[in-house]
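Colleague:
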Amino acid sequence: MKPCEVTVFGAGYVGLVTGACLADMGHRVEVLDVDRSKLETLAAGEVPFHEPGLADVIGRGVASGNLRFGHPDGLESCGEFVVVAVGTPPTTGGAADLRFVRSVVDLVAKRAAPGAVVIMKSTVPPGTGASLSETLSPVGVEYTSNPEFLREGSAVRDWFKADRIVLGGPEAAVERVAALYEGIDAPIVRCGIASAELIKYASNAFLATKISFANEIARLCDRLDADVDLVMHGVGLDPRIGPAFLKAGIGYGGSCFPKDTKALDYLSSLNGYDFHLLKAVIDVNKRMRLLPIMTLKDVLGDLRGKQIAVAGLTFKPNTDDIREAPALEIIDTLVADGAQVRGYDPVGVVDAGSSSFEQAATLAEAVRGANAVVIATEWPEIAHADWRELAAAMDEPRLVFDGRNCVDGDAVRAGGGNYVGVGRR
Ligand code: UDX
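Residues in the sequence shown are numbered consecutively from 0, following numbering that gives the first Met the number 0.
Rendered as structure tokens:
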């Protein structure tokens, strides 16, 4: 495989993983970011966020000279491939904010040589590629859509063991991008730009649908004396359904699902279609975050002055990402209701200055003396802790609300506690 020159815009989760992995595959990559403090962290040999395995890949890339970092202000010319991996945050109305993407594309139009290919990895609504192509075509730069499906916490593995590579765009440009991925054994879906863009949104919306469906079944389980974990296990054994993403709990969070489901709903309305199912998925997810609050109120009554521990702050384990983390919304509601909240997370730290709750250094410290605990993230350290001992160290009524169905309820009960899971009577 011929090594290619690649310029990556954005040193976030997607950009940094993409740049480091392409460098590991032998390409010569420069990753650019406007955040100078992030660049300083990278120059010091550190990774700005927690992502298992990424530090090693970056280290190898820097040592081999294949991976460099820089600021876009210093950019004189782009490589033959330009990866765009900057944020597309939601606007208040739910649409994706494309300001960063557009400013990168404007810069690329000035700095890229004719024949260069833009690879759009940022999640942009269908129709965006067609409009960005209008800026790039006049200067001879091709546009392709290549959505990413990396999961935080397993992003490096997901890159090298991709289950598919989606490439939308003009045929010749698509084949050049396909060659860039040579060595990765994954089916390639070649399609038009709008189809590629929609594959990303439809995938995330479908996964979110599976989660909300499992959560609806959980609510029913609570009323039928059935166990949602067993029910969804039985359901997921059907190969037409599959076992993944059927885990009930306090709902999905993170930087993708909440944003992308809202953006797809917005895009549908904009195009004159009311996406009923997606609206329900979003609504169910909102309700799941209220479930711990309702349960605590049922058992503890008025929450004013009550000591509540929240175990796990990140939106899922193996990441330090707290964007759209259910834990934080739950904490805000508890604090608004007058509870005293102590949070604990093995990695995720919320800026203490802006947080309305105390952060404990250990799980035991967070839980000691608490009237109730809400388990919000299934970190192994939390799931496999000695819940008999922890429950015994709590104060009455010793309620453990397991928002991720990850703890042994019998252990809690053996310690004198009351255990409530989600759909797990
Ligand atoms: C997701 C997609 O999986 C990935 O393909 C896309 O590129 C980016 O968005 P990520 O946000 O890293 O990845 O997390 P993921 O592992 O998909 O989990 C998302 C949320 O769903 C988490 O809050 C998780 O706790 C929740 N979840 C997941 C459930 O509640 N139940 C499940 O069964 C699975």
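Each residue gets a CB set at the ideal place from its N, CA and C atoms; glycine is no exception. Since the structure is predicted, the reported quantities are computational estimates derived from the model, not experimental observations.
If you follow the alpha helix (DSSP H) that A391 is in, where does it begin and where does it stop?
Modeller: Its alpha helix (DSSP H) spans residues W386 to A391.
Colleague: For the beta strand (DSSP E) that contains C190, what are its first and last residues?
Modeller: Where C190 is concerned, the enclosing beta strand (DSSP E) stretches over I187 to C190.
Colleague: Residues bridged to Y142 by DSSP?
Modeller: Bridge partners of Y142: V117.
Colleague: Determine the extent of the beta strand (DSSP E) in which D401 is found, giving its start and end residues.
Modeller: Residues L398 to D401.
Colleague: Looking at C-beta atoms only, is the number of pairs between the segment 214-226 and the segment 141-159 that lie closer than 8 Å three or more?
Modeller: Flag = no, the segment 214-226 and the segment 141-159 do not touch.
Colleague: For L236, count neighbouring Cβ atoms within 10 angstroms of its own Cβ and tell me buried if that reaches 16, exposed if not.
Modeller: Flag for L236 reads exposed.
Colleague: Buried or exposed: which applies to N270, given that a residue is buried once 16 or more other Cβ atoms fall within 10 Å of its Cβ?
Modeller: Flag for N270 reads exposed.
Colleague: Assign D32 to buried or exposed, taking buried as 16 or more other Cβ atoms, counted over all protein chains shown, within 10 Å of its Cβ.
Modeller: By the 10 Å Cβ count, D32 comes out buried.
Colleague: State the DSSP-derived secondary structure class of L166, mapped to helix, strand or coil.
Modeller: L166 falls in the strand class under three-state DSSP.
Colleague: Exposed or buried, what is I240 when buried is set at 16 or more other beta-carbons lying within 10 Å of its beta-carbon?
Modeller: Counting Cβ neighbours within 10 Å, I240 comes out exposed, since fewer than 16 surround it.
Colleague: Please indicate yes or no: does the CB of L53 lie closer than 7 Å to some heavy atom of ligand 1?
Modeller: No; taking the cut-off as 7 Å, the Cβ of L53 has no heavy atom of ligand 1 nearer than that.
Colleague: So, for V103: in the same chain, excluding its five sequence neighbours on each side, which residues have a beta-carbon less than 7 Å away from its beta-carbon?
Modeller: Same-chain partners within the cutoff: F8, V83 and V85.
Colleague: Which whole-angstrom value is the C-beta distance of V56 and F80, which I expect to be below 8 Å?
Modeller: Going by Cβ atoms, the distance from V56 to F80 rounds to 19 Å, so no, they are not a contact pair.
Colleague: Is N214 closer than 8 Å to T260 when the C-beta atoms are compared?
Modeller: Contact flag unset, no.
Colleague: Assess, as a yes-or-no matter, whether the segment 358-373 is touched by the segment 332-342 under the definition of 3 or more beta carbon pairs within less than 8 Å.
Modeller: Flag = yes, the segment 332-342 and the segment 358-373 touch.
Colleague: Just to confirm before moving on: does the CB-CB distance between I381 and A310 stay below 8 Å?
Modeller: Result yes, Cβ atoms of I381 and A310 sit closer than 8 Å.
Colleague: Kindly provide the ranges of any beta strand (DSSP E) runs that are 3 or more residues long and lie completely inside the segment 196-228, ordered along the chain.
Modeller: Here no run is fully enclosed.
Colleague: My assumption, with CB atoms under 8 Å, is that G414 sits in contact with R322. Please give the rounded CB distance.
Modeller: Incorrect: roughly 34 Å between the Cβ atoms, too far for contact.
Colleague: Quick one: is T127 buried, meaning 16 or more other Cβ sit within 10 Å of its Cβ, or exposed?
Modeller: T127 comes out buried.
Colleague: Please report the straight-line C-alpha distance between R59 and D23, rounded to a whole angstrom.
Modeller: Near 7 Å, if we compare the C-alpha coordinates of D23 and R59.
Colleague: Where do the ends of the beta strand (DSSP E) carrying I307 lie?
Modeller: Taken as a continuous stretch (DSSP letters only), the beta strand (DSSP E) holding I307 covers Q306 to A310.
Colleague: What residues sit near ligand 1, counting only those whose C-beta is closer than 5 Å to one of its heavy atoms, in chain order?
Modeller: Going by the Cβ distance cut-off, the answer is F148, R150, E151, I210, F244, K246, G248, Y251, G252, G253, C255, F314 and K315.
Colleague: How would you call L219, buried or exposed, if buried means at least 16 neighbouring beta carbons within 10 angstroms?
Modeller: It is exposed - the Cβ of L219 has fewer than 16 other Cβ atoms within 10 Å.
Colleague: Among the candidates V140, I164 and V138, whose CA atom is the shortest distance from the CA of K120?
Modeller: Looking at the Cα atoms, I164 is the closest of the given residues.
Colleague: Taking Cβ to Cβ, would you say P379 is nearer than 8 Å to P316?
Modeller: Cβ atoms of P379 and P316: closer than 8 Å.
Colleague: For the segment 29-66, list the alpha helix (DSSP H) runs that are entirely contained and at least 4 residues long, ordered along the chain.
Modeller: Fully enclosed alpha helix (DSSP H) runs of 4 or longer: 35-42 and 53-63.
Colleague: Measure the C-alpha to C-alpha separation of A217 and G233 and round it to an integer number of angstroms.
Modeller: Approximately 14 Å between the Cα atoms of the pair.
Colleague: As a quick exercise: from G14, A10 and T208, pick the residue whose alpha carbon is nearest that of E39.
Modeller: The candidate whose alpha carbon is nearest that of E39 is A10.
Colleague: Ordered along the chain, which non-local residues of its own chain (more than five positions away) have a Cβ less than 8 Å from that of L53?
Modeller: Closer than 8 Å at Cβ, skipping near neighbours: L15, V16, A19, V46, A154 and V155.
Colleague: Ends of the beta strand (DSSP E) at V421?
Modeller: Run containing V421: none; DSSP gives neither H nor E here.
Colleague: Do R27 and V5 come within 8 Å of each other at the CB atom, strictly closer than that value?
Modeller: A contact, by the Cβ cut-off of 8 Å.
Colleague: Measure the Cβ-Cβ separation of Y265 and A161 and say whether it is below 8 Å.
Modeller: No.
Colleague: Nearest to V61 by CA position, among G402, V30 and P396, is which residue?
Modeller: If we check each option's Cα against that of V61, V30 comes out closest.
Colleague: Thinking C-alpha only, which one of T87, V107 and D96 is nearest D72?
Modeller: The residue with the shortest Cα to Cα distance from D72 is V107.
Colleague: Distance, Cα to Cα, P88 vs L97?
Modeller: Each residue's Cα considered, the two are about 8 Å apart.
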